[in-house]
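Chemist:
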Amino acid sequence: MGDASNSTYIPEKDLHTYLEELFKKKSSARENALRTLVKQFETNVRYEFVQNNFVTLIHRCQNCLKRGSALEIDLALQLIGLVVLTLGAGDNAHEVYEELLVLVRELLTKSKLCHAIKVFECLCIVTCVGAGDFVDTERSMEIIWQFLNQETKHSSSVTAAAISGWVLLLSGIDRWNISPKKWKESISYLLKQLEEDDEHVNVASIEALALIFEIGSLEKFSNQDGEYKDIKDGIMDQIKRICNGTKQDTSKILEDDYDKTITLTLGRTSLTFCTWSKLKQISYIRKFLGNGFKNHMKENKHLHNVFNFAPARKCSSDDDLELYKPEFEEAVVRVFVPEVRRENCAWRINKSHNSVLSKGRTKLRNKYRTLAEETKTGHIADEQLD
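Numbering (this note's numbering), first residue to last: 44 to 429.
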């Protein structure tokens with residue numbers, strides 16, 4: 044079957060054909076099918092198809108993870124993440140999470156380290172959606188932490204991906220639920236990574252430290268005893284000693300007065316983030332979805348719940364826009380005036396600029412002006428996310 048991965052949208056009946064291709068014995072046929080499904084689920088929210096074919100999709104992907112080629116494994120990991128993200132939280136997503144934990148350890152063995160970045164990406168997305176509680180989230184964090192602390196030295200790209208995934212999972216746990224014992228070595232590890240001469244590892248480590256400072260319970264991430272301020276000042280002194288040149292610029296995000304507020308604009312709706320936890324979550328999701336990020340933010344109900352986001356309704360045509368405008372509307376004011384004063388008050392009620400009726404007409408005109416501006420804006424193409 045030809046490669047349709049570049050198609051913008053494939054009808055559901057045709058998607059079934061690619062699902063059937065996953066049962067083929069020929070590796071190239073499965074690779075092509077996986078590539079097409081990944082593209083479709085990345086650029087579009089195919090909720091109904093995923094819901095109706097969930098079991099088949101996941102089982103075929105798991106089969107590719109166990110017996111497939113290197114390309115199949117990477118594509119299958121990506122597809123599992125997209126399926127779960129499309130489906131949203133629930134029993135099905137949790138089932139995928141439990142089954143993935145078993146497969147992940149196998150995929151992180153020395154012989155399959157080439158898949159490590161995709162493994163962490165898939166593990167983190169599935170955990171964020173399918174974890175039942177903070178205990179489940181920390182189980183995934185422990186897998187990553189054990190990998191980072193292996194004696195074998197990993198490539199900088201793999202180390203950065205692992206740290207970034209660990210930070211994403213940490214961002215979803217309430218400070219009171221974080222284990223007081225499991226992450227005692229994390230700050231010392233991150234400081235050690237800052238000494239490495241690699242930009243990606245440095246940035247990931249600084250991100251982790253920024254989130255830890257935001258959480259505030261430094262005693263859970265450090266073996267140092269004392270007050271929060273004293274521990275933080277000591278850590279900052281070490282960071283200033285380690286960081287110089289470009290590293291110094293990167294470490295500025297750890298300063299108390301650093302403005303981390305970012306606003307994303309999607310069509311006519313804006314979304315503002317001002318915490319490291321939400322910034323990490325939105326940036327990770329955006330990177331995972333690539334060009335499909337805007338479509339998912341507009342249509343993916345799970346992401347709406349995570350980010351408390353309600354996209355503006357988009358009108359499909361001028362006719363639709365007109366339906367929002369009343370055919371006739373006027374300002375009416377009822378005022379009781381005693382008979383003896385009625386003639387003297389007529390001008391004041393009907394024509395004076397300060398009258399209630401005049402103010403009502405002004406309010407109505409402003410309403411029409413606002414409606415006209417929104418109508419005009421509705422035809423402007425979606426702005427690029429900053």
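In this text, a Cβ means the ideal position worked out from N, Cα and C, and glycines have one as well.
1) Return the residue from the list Lys227, Phe256 and Leu151 that minimises the CA-CA distance to Phe264.
2) Per DSSP, what kind of secondary structure is Asp363 in: helix, strand or coil?
3) Cutting at 6 Å between CB atoms, please list the residues of its own chain near Glu257, excluding the five before and the five after it.
4) By how many angstroms is the C-alpha of Lys290 removed from the C-alpha of Glu242?
5) Which one of Val244, Thr180 and Trp219 has the shortest CA to CA distance from Ile206?
6) Considering only the beta carbon of each residue, do Leu139 and Val93 sit closer than 8 Å?
7) DSSP state of Ile305, grouped into three classes?
8) Closest by CA to Met184, which one among Thr129, Cys167 and His102?
9) Looking at the secondary structure, which residues open and close the beta strand (DSSP E) in which Thr180 lies?
10) Using a Cβ-Cβ cutoff of less than 6 Å, which residues in the same chain neighbour Cys165 once the five nearest sequence positions on both sides are dropped?
11) Look at the Cβ atom of Val147, then the Cβ atom of Ile186, and state whether they are nearer than 8 Å.
12) Taking the alpha carbon of Asp57 as the reference point, which residue from Leu80, Lys67, Lys344 and Ala72 has its own alpha carbon closest?
13) Buried or exposed for Asn220, going by 16 or more other Cβ atoms inside 10 Å?
14) Whole angstroms are fine: how far does the CA of Thr86 sit from the CA of Thr51?
15) Which two residues bound the contiguous alpha helix (DSSP H) that contains Phe256?
16) For Phe66, does the three-state DSSP call read helix, strand or coil?
17) Provide the residue span of the beta strand (DSSP E) that contains Phe336, from first to last.
18) Pick helix, strand or coil for Phe352, following the three-state DSSP scheme.
19) Does DSSP put Leu130 in a helix, in a strand, or in coil?
20) Can we count Asn287 as close to the ligand ADP, meaning its CB is less than 7 Å from some heavy atom?
21) For Ser313, report the span of its beta strand (DSSP E) as first-last.
22) Could you tell me which of Ile216, Ser229, Trp188 and Gln267 sits nearest to Lys321, measuring between CA atoms?
23) What residue from Thr99, His158, Asn135 and Tyr61 has the CA that sits closest to Ser112's CA?
24) Could you say which of Ser313, Leu309, Cys317 and Thr308 lies nearest to Ile296 if we only look at CA atoms?
25) Buried or exposed: which applies to Phe331, given that a residue is buried once 16 or more other Cβ atoms fall within 10 Å of its Cβ?
26) In whole angstroms, what separates the C-alpha of Val172 from that of Ile328?
27) How long is the line joining the alpha carbons of Asp268 and Ile274, rounded to whole angstroms?
28) Quick one, which of Pro54, Ile53, Glu55 and Arg78 has its alpha-carbon nearest Leu65's?
29) Can you give me the Cβ contacts of Leu314 inside the same chain, cut-off strictly under 6 Å, excluding the 5 residues immediately before and after it?
30) If you check the beta carbons only, do Ala132 and His345 fall under 8 Å apart?
Modeler: Judging by the given coordinates:
1) The residue from Lys227, Phe256 and Leu151 with its alpha-carbon nearest to that of Phe264 is Lys227.
2) A caution first: Asp363 carries a pLDDT of 40, below 50, which makes its placement in the model unreliable, though a value can still be read off. DSSP places Asp363 in helix when its eight states are reduced to three.
3) Result list for Glu257: Trp319, in chain order.
4) For the pair Glu242 and Lys290, the Cα-to-Cα distance works out to about 8 Å.
5) The residue among Val244, Thr180 and Trp219 with its C-alpha nearest the C-alpha of Ile206 is Val244.
6) One detail in the question is off: residue 139 reads as Val in this sequence, not Leu. The answer is no: Cβ separation not under 8 Å.
7) Strand, per DSSP.
8) In this structure, Cys167 is the residue among Thr129, Cys167 and His102 with its C-alpha nearest to the C-alpha of Met184.
9) For Thr180, there is no enclosing beta strand (DSSP E); the enclosing alpha helix (DSSP H) covers residues Phe177 to Leu191.
10) Contacts found: Leu120, Ile123 and Gly124.
11) Yes, they are a contact pair.
12) Nearest neighbour of Asp57 by Cα position, chosen from Leu80, Lys67, Lys344 and Ala72, turns out to be Leu80.
13) Exposed.
14) When rounded, the separation of the alpha-carbon atoms in Thr51 and Thr86 is 8 Å.
15) Residues Glu242 to Ile258.
16) Coil, per DSSP.
17) Following the DSSP letters along the chain, one finds Phe336 in no beta strand (DSSP E) but inside the alpha helix (DSSP H) bounded by residues Phe336 to Glu342.
18) Looking at Phe352 - three-state DSSP - the assignment turns out to be coil, as it is neither helix nor strand.
19) Note: Leu130 maps to helix in three-state DSSP.
20) Annotation note on the ligand ADP: not contained in the displayed structure, which lists no ligands.
21) Looking at the DSSP string, the run of the beta strand (DSSP E) that includes Ser313 is Thr312 to Phe316.
22) The residue among Ile216, Ser229, Trp188 and Gln267 with its C-alpha nearest the C-alpha of Lys321 is Ile216.
23) Its Cα nearest to that of Ser112, the residue His158 stands out among Thr99, His158, Asn135 and Tyr61.
24) Minimum Cα distance to Ile296 is reached at Cys317.
25) Counting every other CB atom within 10 Å of its CB across the protein chains shown gives Phe331 a total of 16 or more, marking it as buried.
26) Taking the straight line from one Cα to the other gives about 12 Å.
27) Their backbone Cα atoms lie some 7 Å apart in a straight line.
28) With distances taken between Cα atoms, Leu65 lies closest to Arg78.
29) Correct list, in chain order: Leu307 and Phe352.
30) It is a contact, given that the beta carbons lie within the stated cut-off.
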